[in-house]
Every structure is written in structure tokens, then in C-alpha cells.
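**Student:** Just dropping this structure here.
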Amino acid sequence: MKKQNILNILIISAIALGFLFLNFCQPIFADDFGRLSASALTKGNLISIVYNQYLNWTGRVSAEYLAYLLFNKDHLVISLFIIDILNSILFSIFIILSFEIVSKDQYELSSKRFVIFFFFLSFIFLYSGVIGNALWKTAAIQYFWGIVLLVGYYYFIFIRQKNSITFSILVGIFIGLYNEIYVGVLTILLLAYFLDCKLDNKSINRNVVYFFVALIVGGVILAVAPGNYKRLDVLAGSRNIDLLQNIKFMWQLLIYHPYAKLLHYMLAFIGLLLMLDKDIRFKTKFIYFAALISFLFVLTPIVGQYGGLNQRVLMIYYVLFFMIIFGLLYNSKNVFIVKFIEVLCRLSWLLLILLLFQLWMLFSVYDSLHDYESQRQQLIHYYHERDVKSASFPVDYRLYLDKNYRFVYFDDITFNENDWRNRGFANYYGFDSVVLKR
């Protein structure tokens, strides 16, 4: 085996093992409890549960099926171990294939360009909450894994230039039934691709056509699910929200919401890179940049009912914008960008040190989160031994962790025993009620 191949394997293994440690430290919480309690696979009612969800809560059939398939309280240790293993492997695949896509398979994982890529990926994805949400088991299955599948599909079709109509149809159907946000974003992106090919007299990849048709079919099945509208009614409560109000609310969120600020900077940087790149035709630049702006309004019809934005919903935007930025950086022939990358390559040793420091902070905070969860489990055991039915948990995890708790996504129980998170926690652990107290 070549020395380079051994080095690549070591890098991949280090990423996978590091992420496995983080997955192991991440406690179960919020939506995890309900899916674990269902134990759908061992009870033999997996299909009926997903069908019931389709009728009463959500049309995300493929995402729900995966979650209820893997979560299982009857075999808790095995269930969580499988999810953690899969998530660590998929995160490694995501990083590697993302790098191969933006660099067009030109550089090794041991190259300086990978150090640059991995540093900025860690920096942006840590502070945007992508990594924190990818570690939450439910969000990993129902958001992040879909992104990994899309990255893998793009790599397979466009970088490796493989042809598979069957694979394209299966991926299209799966994503169509996976998440309505992904359907909206991909529909806009693919329409931009078709328009660009038409105006530039370029041939359209037939695999993409089959993927698009399958995506739309799956998306329609998802969209007409009765559960979607019941869920929106529940989320809206007594509020009567029309489309005009949603448009106004969406605009306010995109301008002022802290989660959207990073998207502003990324979008502006993409615009700058497109202006500097003279190898891309103006029509192509205009079409795709307009598509990127349009992406941001995909949530408009339902944003009022949801009450705002959250990090897991924006995950696909952060990932897509990040990959576009690095794709433009690594493939530009503009003299300023080339010089900029050369400077970063010379500073790669410094970026490597900063990367290791970032990862050390991340591992430290998740290790302390694991300690916090271990103490809570001891308290749960104590309450069970004494048959306590109304339990109080005295520590707010944000006070227990160090200042880097912002890297963690942990939607803990609250000070209100009637909060849905508290009720889910209480039901899972066999309490009548639970509450957080300082």
C-alpha cells in the first residue's frame, strides 16, 4: 500500500473516531425520547407509526421511517451505538466528499488545501450550529444524513461522472419524501441548472432529469400529507397567519435574525468571487446567484406558523453556501484569488494549530456535557429507588459547562413542567412530572 494511501486512511480514521467520541458524549433529549419510546421495530408497528405520522403530523416519510427504524428503547445500548457509528461514518464521508467536490478530486487529504478547507469548515460549522445539530441524534437522521446523501449523489454523478438512472430515481424519491425545505431548495437549484444549460446550449445530464422528476413526485406526496397541515395548526396555535404576514415575517427574519447574519456574509462573499471570476459567463453567474437568493425564501409559506428560524432548518444553506465558496476559491484562475490561496497554503501550519485548538475546545465541552449527563442519570436512579414521581433537576447545563457551551445543541428540559420537552422526558423516564430548578 502506498504511503499516501496509508496517510489518507489515518486521516479518515481520525475524523471518524473523533466524531464518534462526540456522538458518544451527546445525550438524548427532546424528540429523541418519543422515538425511542415507540420501539417501532421490535413492536412490529414501524409502518403503521410512519403512516400515522403522515396522517397526523408530517409527510416526511423517509426521514420518519429512518428515525423510527433506528431508535429503540427496548435495545437502547445497541440502538444508540448503531446511530453513533453511522453518524460518525457519515460525517467523515461528508467531509471527504465535500473536499473532493470543491477541489474536483485534485488534492490529497494530506495536502495543505485540505487543512485550509477543514479549518474553515470547522470554524463556520461550529459557530453556525451545523456540527451541534449534526450530533443531535434526531436532527442527524432527519436533516444531516439527507445532506450527506446529496453530497454523495453529486460526487457520484458530476465528479466521478457515473451514470445510474436507478440510483438517481431512488435518491430523488428519498429526498422528495425527506424534507420539504430540501425539496424547495433543490427544485430552485435544478431549474437554474436547466435554464443555464438551455441558454448556453449545453447538454443536460439525464441522471439529473430522472432525479428531478423523482424529487418532484416525492415532494408532492410529502406536500399533500394531511399531517403537515395539522402540525402547522398546532404550531400556529390561536394565531391566524396569512401569506402576506408570512412574507413580512420572513423578510424581517432574513434581515435581523442572528442565524441569518452568517448567510449574509457568505452570500456577499459568493457575489464577490463571482465578480472576480472571468471564466464563468455572466448569464450563468446571474442565474445561479438569483437562485441562491431565492433559496432564502423557501420557508416563506410556513415561517409564521413555525415562529422563526432554527439552526437545523438552515443547515442545508450553510453547507451549500460553504461548498460554493470553496469551489469558487479552489477553481478560480483570478490572480488575486490564486495569490490568496497561496498565502493560506503558506499559513497552513498556523491554521492547523488553530484547527486543533478548535477541536480541543469542542471535545472539552462535549466531555463536560457527558459528565453533566452522567450526574443527571445518577439523580434519576436515586429518584427511581425512592419512587419519586415529581422530580426536580437542579442544574442548568449552561451553568455547568464552560463558556464554549455555544458549540453544543442541547434542548434541555425547562423550568416549566408542562413544557413539551419536560413531558417527553418525564414519560421516557417514568415520572409524572419533571422540572429544572436552579
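Each residue of the sequence shown is one higher than the one before, starting from 1 at the first, in UniProt numbering. We put the CB at the ideal spot given by N, CA and C, even for glycine.
Are the region 100-114 and the region 162-172 touching, with three or more C-beta to C-beta distances below 8 Å?
**Tutor:** In short, these stretches do not touch, since the Cβ pair count stays below three.
**Student:** Does the region 242-255 come within contact of the region 67-79, defined as at least 3 CB pairs closer than 8 Å?
**Tutor:** Contact fails: fewer than three Cβ-Cβ distances are below 8 Å.
**Student:** Under three-state DSSP, which class holds S122?
**Tutor:** Note: S122 maps to helix in three-state DSSP.
**Student:** Please tell me whether A223 has its Cβ less than 8 Å away from any Cβ of chain D.
**Tutor:** In the structure shown, chain D does not exist; there is a single protein chain.
**Student:** I'd like to confirm something about L46: is its beta-carbon nearer than 7 Å to some heavy atom of the ligand ADP, or not?
**Tutor:** The model on display carries no ligand, and the ligand ADP is accordingly not part of it.
**Student:** Looking at C-alpha atoms only, which residue of L135, T187, Y259 and D387 is the closest neighbour of L362?
**Tutor:** Residue L135 is the option with its Cα nearest to L362.
**Student:** Please classify L344: is it buried, with 16 or more other beta-carbons within 10 angstroms of its beta-carbon, or exposed?
**Tutor:** L344 comes out buried.
**Student:** What distance in whole Å lies between the Cβ atoms of F33 and G424, which are believed to be in contact at a cut-off of 8 Å?
**Tutor:** About 4 Å separates the two Cβ atoms, so the contact holds.
**Student:** Where does V434 sit, in a helix, a strand or coil, going by DSSP?
**Tutor:** Here V434 sits in strand by DSSP.
**Student:** Given a cut-off of 8 Å on the beta-carbon distance, is the pair G172 and F120 in contact?
**Tutor:** Taking 8 Å as the Cβ cut-off, G172 and F120 do not qualify as a contacting pair.
**Student:** Could you name each continuous alpha helix (DSSP H) segment of 4 residues or more that falls completely within the region 79-152, going from the start of the chain to the end?
**Tutor:** With a minimum length of 4 residues, the continuous alpha helix (DSSP H) runs that stay inside the region 79-152 are 112-128 and 130-135.
**Student:** Rounded to whole angstroms, what is the Cα-Cα separation between Y294 and K198?
**Tutor:** Rather than Tyr, the amino acid found at residue 294 in this sequence is Ser. Their backbone Cα atoms lie some 20 Å apart in a straight line.
**Student:** In this structure, does DSSP put F393 in helix, strand or coil?
**Tutor:** Strand at F393.
**Student:** Check this for me: beta carbons of L296 and L352, under 8 Å apart or not?
**Tutor:** Against a cut-off of 8 Å, the Cβ pair of L352 and L296 comes out as no contact.
**Student:** Evaluate I6 with the Cβ neighbour count: other Cβ atoms within 10 Å of its Cβ, from every protein chain shown; 16 or more gives buried, anything less gives exposed.
**Tutor:** Exposed: under 16 other Cβ atoms inside 10 Å.
**Student:** Would you tell me roughly how many angstroms separate the C-alpha atoms of V185 and V298, rounded to the nearest one?
**Tutor:** The alpha-carbon atoms of V185 and V298 are separated by roughly 7 Å.
**Student:** Of the residues N207, Y372, L22 and Y330, which one's Cα is nearest the Cα of Y153?
**Tutor:** Per the Cα distances, N207.
**Student:** Express the C-alpha separation of G146 and Y155 in angstroms, rounding to a whole number.
**Tutor:** Cα-Cα distance, rounded: 14 Å.
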